[in-house]
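A quick write-up on the structure given underneath.
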Amino acid sequence: MGASDKLKELIREVDSKFKTRAIFVIGTCAADIIGEDLEGLCRNLQSQINAKLIPLMAGGFRGDSYAGIDLGLNALFPFIKKQTEKIPNSVNMISPQANLNPTWWADLEWVREVLDKIGIKVLAVLPHETSLEELENAGLASANILLSHDAGYKFGLKMQEVHDIPLILSDIPLPVGLKNTAIWLRAVGKYFGVEEQVETIIRDGEYMTIDALRRRGLMMIQRYRNCRVAVSADATLGIGLTRMLFEELEMIPELLLFRSSMPDSQLLLENELKDMGISPRVVFSADGYQVKQSLMDSNVDAVFGSSWEYYMAEELGIKFAFDVFNPTNRVNYLNKAYFGYEGMLNFLENVANDWERALRSKQINWEEYL
Numbered sequence: 001m002g003a004s005d006k007l008k009e010l011i012r013e014v015d016s017k018f019k020t021r022a023i024f025v026i027g028t029c030a031a032d033i034i035g036e037d038l039e040g041l042c043r044n045l046q047s048q049i050n051a052k053l054i055p056l057m058a059g060g061f062r063g064d065s066y067a068g069i070d071l072g073l074n075a076l077f078p079f080i081k082k083q084t085e086k087i088p089n090s091v092n093m094i095s096p097q098a099n100l101n102p103t104w105w106a107d108l109e110w111v112r113e114v115l116d117k118i119g120i121k122v123l124a125v126l127p128h129e130t131s132l133e134e135l136e137n138a139g140l141a142s143a144n145i146l147l148s149h150d151a152g153y154k155f156g157l158k159m160q161e162v163h164d165i166p167l168i169l170s171d172i173p174l175p176v177g178l179k180n181t182a183i184w185l186r187a188v189g190k191y192f193g194v195e196e197q198v199e200t201i202i203r204d205g206e207y208m209t210i211d212a213l214r215r216r217g218l219m220m221i222q223r224y225r226n227c228r229v230a231v232s233a234d235a236t237l238g239i240g241l242t243r244m245l246f247e248e249l250e251m252i253p254e255l256l257l258f259r260s261s262m263p264d265s266q267l268l269l270e271n272e273l274k275d276m277g278i279s280p281r282v283v284f285s286a287d288g289y290q291v292k293q294s295l296m297d298s299n300v301d302a303v304f305g306s307s308w309e310y311y312m313a314e315e316l317g318i319k320f321a322f323d324v325f326n327p328t329n330r331v332n333y334l335n336k337a338y339f340g341y342e343g344m345l346n347f348l349e350n351v352a353n354d355w356e357r358a359l360r361s362k363q364i365n366w367e368e369y370l
């Protein structure tokens with residue numbers, strides 16, 4: 001529709017001016033509507049451009065943000081070189097950003113640190129600050145670890161089929177809470193044959209967590225016990241959080257609202273709920289209307305969610321709401337993990353502050369004290 005020539009000139013200008021090794025050419029809604037052929041344009045223009053052109057049609061009509069992450073991974077897949085050999089004790093990590101922790105970078109760092117402690121090398125994080133060399137050499141990994149239950153699963157299976165790299169840990173919850181962290185770490189240890197090192201990490205982590213809660217969270221169980229809760233989250237954090245709330249905080253999950261609807265995540269959640277012996281109401285692909293309507297129809301004391309659910313709960317008269325997921329009203333100068341042992345403490349710290357805030361009077365006439 002007359003935009004192709006302008007786009008070609010822009011690509012030439014970017015290539016000559018910035019001299020990058022790769023240029024992503026992303027088509028948004030307008031390009032999608034008019035049917036712009038970005039792949040053909042990049043293919044015809046590539047011989048004139050020094051940078052590698054990577055086209056990606058990501059119009060909003062094609063799905064949500066998780067679908068966008070999958071589209072991005074698919075665009076990167078052709079650049080992974082087929083390898084005949086694998087580097088022992090090495091991994092790629094997939095989709096760390098498909099995670100509602102507002103500072104998910106800390107979750108990625110926690111996984112990196114744990115793997116480093118047990119002698120596992122990370123070859124590439126797909127896709128996060130990934131160089132072309134890392135992308136090309138990702139086929140050398142001896143395993144892929146999926147860091148999300150919302151995006152990247154099909155990519156991991158494709159890597160397994162084409163590059164013969166096993167996708168591991170995708171059938172268990174991510175390390176949220178004490179029990180899930182231990183399960184996840186032991187699965188890593190068993191796969192790589194480093195069970196002894198992993199048990200040391202678990203022992204030290206559990207001691208640190210329990211010691212901190214014993215000193216500073218003495219009222220935690222009495223406060224939260226039998227509290228009926230709703231969780232509005234992604235599957236990445238929500239599945240693991242459900243067990244943490246039920247078994248470690250003794251809360252009662254009554255309503256689970258998930259933003260995505262991946263079949264493997266649904267099966268994982270089904271198995272988790274069966275194992276715990278609970279049967280909350282579950283909604284997948286929950287949009288804003290469904291979240292609000294479900295909260296209206298439920299009888300819960302508290303809601304775990306984002307700032308969105310926080311205001312919904314306030315409007316509906318639900319006493320406690322915890323603003324712990326994206327989008328959040330919290331200001332975070334430092335990245336804080338939700339994965340692992342310190343991650344559990346970070347999460348509970350946010351919950352404790354929101355609990356106390358809900359109990360403070362909003363009707364105080366401060367003029368009386370002036």
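Residue 26 in UniProt numbering sits at position 26 of the sequence shown, with consecutive numbering throughout. For glycine and all other residues, C-beta sits at the position ideal for the given N, C-alpha and C.
- Comparing alpha carbon positions, the residue from V351, Y341, R62 closest to I210 is Y341.
- Between the stretch 135 to 142 and the stretch 83 to 101 there are three or more inter-stretch CB-CB distances shorter than 8 angstroms, so the stretches are counted as touching.
- The beta-bridge partner set that DSSP reports for N144 consists of N92, L167.
- Shortest Cα-Cα distance from G277 to any of H163, P173, T242 involves T242.
- In the displayed model, L249 falls within coil according to three-state DSSP, outside both helix and strand.
- Of the candidates G305, M93, A212, S265, the residue whose Cα lies closest to the Cα of V291 is G305.
- Using a 10 angstroms sphere on the CB of E129, the tally of other CB atoms stays under 16, which defines it as exposed.
- Within the stretch 27 to 75, the runs of alpha helix (DSSP H) at least 4 residues long that lie entirely inside it are, in chain order, 29 to 34, 38 to 45.
- Per DSSP, the continuous beta strand (DSSP E) segment holding G305 begins and ends at 302 to 305.
- Boundaries cannot be given for F77, as no beta strand (DSSP E) includes it and DSSP labels it neither H nor E.
- DSSP assignment within the stretch 284 to 338 yields the following whole alpha helix (DSSP H) runs of 4 residues or more, N-terminal first: 288 to 297, 307 to 316.
- Counting only the Cα atoms, L267 lies some 10 angstroms from S261.
- A straight line joining the alpha-carbon of I168 with that of P55 spans about 29 angstroms.
- Residues of the same chain with a CB within less than 8 angstroms of the CB of W184, apart from the 5 flanking positions on each side, are L169, I172, P173, L174, P175 in chain order.
- Per the C-alpha coordinates, the member of F320, F79, E270, S307 positioned closest to R228 is F320.
- The distance from the Cβ of I69 to that of L147 is about 11 angstroms, inconsistent with a contact at the 8 angstroms cut-off.
- In this structure, the alpha-carbon of G189 lies about 23 angstroms from that of H163.
- Annotation for S232: no alpha helix (DSSP H) segment contains it, though the beta strand (DSSP E) segment containing it runs 228 to 233.
- Apart from sequence neighbours up to five positions away, the residues of its chain that approach V351 with a beta-carbon distance below 6 angstroms are F322, ordered along the chain.
- For V351, the uninterrupted alpha helix (DSSP H) run begins and ends at 340 to 359, by DSSP.
- Here A187 is not bridged, per DSSP, to any residue.
- Beta-carbon to beta-carbon, A233 and F325 are separated by about 6 angstroms, close enough to satisfy the 8 angstroms threshold.
- Secondary structure note for A106: its alpha helix (DSSP H) is the uninterrupted segment 105 to 117.
- With a threshold of 16 other beta carbon atoms within 10 Å, N99 meets it and is buried.
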